[in-house]
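Here is the structure we will look at.
Protein chains in written order, with the numbering used here: chain V, 31 to 218; chain G, 258 to 689.
Shown next, in the form of structure tokens:
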């Protein structure tokens with residue numbers, strides 16, 4: 031560069047101011063425990079929930095949830111306050127573009143979803159999925175009919191794959207809850 | 258960060274097997290064994306195998322136990338496990354057919370592009386991303402094709418919401434440059450604003466930092482190589498078809514005496530809406546003789562809105578080249594002098610209808626206005642070229658997605674000024 035460049039200066043300023051802010055935010059991102067507490071702040075304990083759907087349950091989950099991108103590990107917990115169940119927490123991994131997105135889904139005892147929480151996003155592409163207002167769209171919904179991509183859950187323009195895959199993943203978790211967790215809970 | 262379940266180590270089992278094999282076959286007595294001794298050995302081996310089977314069953318049981326203790330595992334058997342592979346392959350491409358309404362001789366069928374990409378994950382934070390493209394099917398001294406490295410960069414996750422890319426990467430400008438696969442835009446060919454004003458697929462070499470906030474703001478700030486104005490070919494009117502396309506360098510022995518800077522902001526805080534703007538600026542003189550202080554600045558603003566099944570978008574982009582007067586004075590008389598400014602915009606509406614068979618039909622309409630030389634620096638009366646007239650193009654067409662990642666396209670372009678260019682296009686695009 032032969033001259034002092036106004037944009038150089040602005041780039042430097044933006045970088046200098048943005049970086050520390052981002053690092054501070056980065057340090058505060060959710061752990062699994064953090065997500066559990068965020069989803070059910072009233073809960074006193076989270077007990078590992080073992081899910082073993084039989085073949086017919088698996089078929090009904092697949093049919094209800096619709097097309098899925100590849101998933102990774104799915105874990106679940108029962109959120110308890112004293113002796114009573116206040117809800118269920120699921121932590122799932124679904125493919126974004128090339129790597130998994132780790133996200134948490136909470137379902138209350140009333141069957142209603144909590145806002146989805148993103149625990150980890152591993153690639154730069156589609157990072158817009160973190161947007162709180164997008165994730166808040168899931169809150170209060172309780173049926174597959176209320177989780178249609180684009181119609182009920184709006185797309186993130188420019189991050190379609192990530193937003194569609196997470197929406198499908200939430201559908202799968204809701205279907206799993208319907209098929210396996212709910213009958214167990216009401217049967218108790 | 259999720260801790261993955263540890264698979265019980267297989268090494269002891271293997272070691273045990275190896276030890277058994279060694280005991281049997283390397284033992285000096287084995288060589289001179291009688292039938293009886295061999296039977297004894299076989300019995301011993303059988304016993305070992307039984308023991309190993311038992312151990313294996315025990316290990317499996319332990320593993321299952323630990324799985325159910327820490328995780329329920331995959332409840333749906335058809336889903337994939339955590340991909341072990343660090344190397345991912347992907348690709349996209351397009352084939353097209355273009356027929357001008359009034360010029361059969363100019364009808365062309367082409368393997369427009371064929372792109373293979375590979376990404377490699379070094380660790381949880383570091384990956385390599387690349388794209389290798391072949392345009393127009395055959396590349397040789399006698400053929401029209403081009404082989405290009407479109408992307409080759411290292412991406413490093415610096416924090417939970419912040420990434421750095423170093424290498425040859427796409428400039429985060431407009432809506433198409435980073436999302437340039439044929440399944441992601443309407444029409445057989447990319448629109449004029451995203452090709453002629455913004456030279457998509459536009460990449461430079463350098464460093465970019467990208468961040469996302471919870472409020473829905475993505476920011477990109479970077480330093481990279483830029484344009485080289487000394488590449489301008491004033492003898493060819495084609496230079497004015499894509500002013501920046503004529504002088505981009507694509508990191509191929511790029512003159513890098515002057516670097517460029519860029520900043521892009523995209524807001525997606527309201528679901529279904531994207532608002533963005535970006536600016537790229539840098540001197541294009543690159544220290545070349547006869548060139549001085551030729552700053553090129555390209556800026557744009559864009560919006561995309563998805564209310565339900567509608568896909569509405571608009572963009573405005575404008576480029577400026579400074580201090581062109583001394584260069585144009587030496588080029589006067591040639592068909593293509595360097596413009597001082599060029600700009601364009603479009604508005605587009607598409608409707609995505611999903612059929613029962615899961616095909617998506619997306620009819621669309623796009624109106625574009627652009628001018629590749631809306632002004633020239635003054636060279637004096639009689640020498641300064643007249644600015645070009647604005648061109649306006651109306652495109653109507655349909656994208657039919659017959660499977661996720663496979664799209665058939667059809668469109669018709671109507672040029673208001675240069676209506677010899679009116680044409681009908683057919684295309685096939687894919688992405689995997």
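C-beta: ideal position from N, C-alpha, C; glycine also.
Neighbour list for residue i in chain G, Cβ cutoff strictly below 8 Å
i             : result
residue 185/V : 528, 529, 563
residue 197/V : Those within 8 Å of residue 197/V in chain G number zero; the least Cβ separation is about 11 Å.
Helix, strand or coil at residue i according to DSSP, with G and I counted as helix
i             : result
residue 310/G : helix
residue 266/G : Low confidence applies to residue 266/G: its pLDDT is 41, below 50, so where it sits in the model is not reliable, and the reading given next is rough at best. Three-state DSSP puts residue 266/G in coil, outside helix and strand.
residue 293/G : helix
residue 355/G : strand
residue 261/G : With a pLDDT of 36 at residue 261/G, under the threshold of 50, the modelled position of this residue cannot be trusted; read the value that follows with caution. Residue 261/G falls in the coil class under three-state DSSP.
residue 84/V  : coil
residue 323/G : Confidence is the limiting factor: at residue 323/G the pLDDT is only 39, short of 50, which leaves the residue's position unreliable, though a coordinate-based value still follows. Residue 323/G falls in the helix class under three-state DSSP.
residue 510/G : coil
residue 62/V  : helix
residue 162/V : helix
residue 670/G : strand
Partners in chain V for residue i, counting only beta-carbon separations shorter than 8 Å
i             : result
residue 422/G : 154
residue 460/G : Going along chain V, no residue has its Cβ under 8 Å from residue 460/G, so there is no contact; the nearest lies around 15 Å.
residue 412/G : 153, 154
residue 525/G : 158, 161, 164, 186, 187, 188, 189
residue 436/G : 188
heavy atom of the ligand NAP below 7 Å from residue i C-beta
i             : result
residue 519/G : For the ligand NAP, the structure offers nothing, since it holds no ligand at all.
Inter-residue CB distance, residue i and residue j (contact presumed, cutoff 8 Å)
i             : j             : result
residue 153/V : residue 133/V : The pair is not a contact, with the Cβ atoms about 14 Å apart (cut-off 8 Å).
residue 191/V : residue 170/V : About 25 Å; that fails the 8 Å criterion.
residue 656/G : residue 354/G : About 15 Å; that fails the 8 Å criterion.
residue 418/G : residue 470/G : 7 Å
residue 521/G : residue 464/G : Wrong, their Cβ atoms sit about 14 Å apart, outside the cutoff.
residue 121/V : residue 73/V  : With a Cβ gap of about 15 Å, residue 121/V and residue 73/V do not count as contacting.
residue 544/G : residue 514/G : 4 Å
residue 485/G : residue 603/G : At roughly 28 Å, the Cβ-Cβ gap does not stay under 8 Å, so residue 485/G and residue 603/G are not in contact.
residue 425/G : residue 462/G : 5 Å
residue 500/G : residue 596/G : 6 Å
residue 695/G : residue 369/G : In the structure as shown, chain G starts at 258 and stops at 689, and residue 695/G therefore has no counterpart that could be examined.
Partners in chain V for residue i, counting only beta-carbon separations shorter than 9 Å
i             : result
residue 487/G : Near residue 487/G there are no residues of chain V at all, since even the closest Cβ is about 15 Å away, more than 9 Å.
residue 380/G : Those within 9 Å of residue 380/G in chain V number zero; the least Cβ separation is about 11 Å.
residue 348/G : Ordered by position in chain V, no residue passes the 9 Å Cβ test against residue 348/G, which lies about 13 Å from the chain.
residue 473/G : 158, 160, 161, 162, 163, 164, 186
residue 629/G : Neighbours of residue 629/G on chain V: none; closest Cβ ~24 Å, over 9 Å.
Cβ-based burial, residue i [other Cβ within 10 Å; buried from 16]
i             : result
residue 647/G : exposed
residue 82/V  : exposed
residue 164/V : buried
residue 686/G : buried
residue 97/V  : exposed
residue 613/G : exposed
residue 89/V  : exposed
residue 456/G : buried
residue 547/G : exposed
residue 186/V : buried
residue 689/G : exposed
residue 346/G : exposed
residue 299/G : exposed
residue 530/G : buried
residue 438/G : buried
residue 640/G : exposed
residue 362/G : exposed
residue 69/V  : buried
residue 397/G : exposed
Top-ranked residue by Cα proximity to residue i, from the options
i             : options                    : result
residue 583/G : 605/G, 563/G, 549/G        : 549/G
residue 498/G : 380/G, 601/G, 375/G        : 601/G
residue 628/G : 480/G, 675/G, 373/G, 621/G : 675/G
residue 632/G : 664/G, 576/G, 683/G        : 576/G
residue 210/V : 86/V, 69/V, 76/V           : 86/V
residue 585/G : 636/G, 568/G, 541/G, 540/G : 636/G
residue 524/G : 310/G, 561/G, 427/G, 607/G : 561/G
residue 667/G : 344/G, 651/G, 533/G, 684/G : 684/G
residue 559/G : 565/G, 569/G, 551/G        : 569/G
7 Å Cβ cut-off: residues of chain V touching residue i
i             : result
residue 469/G : 157, 158, 160
residue 376/G : 128
residue 345/G : 128
Proximal residues of chain G, C-beta to C-beta of residue i below 7 Å
i             : result
residue 17/V  : Since the first residue shown for chain V is 31 and the last is 218, residue 17/V is missing from the structure and cannot be characterised.
residue 167/V : 528
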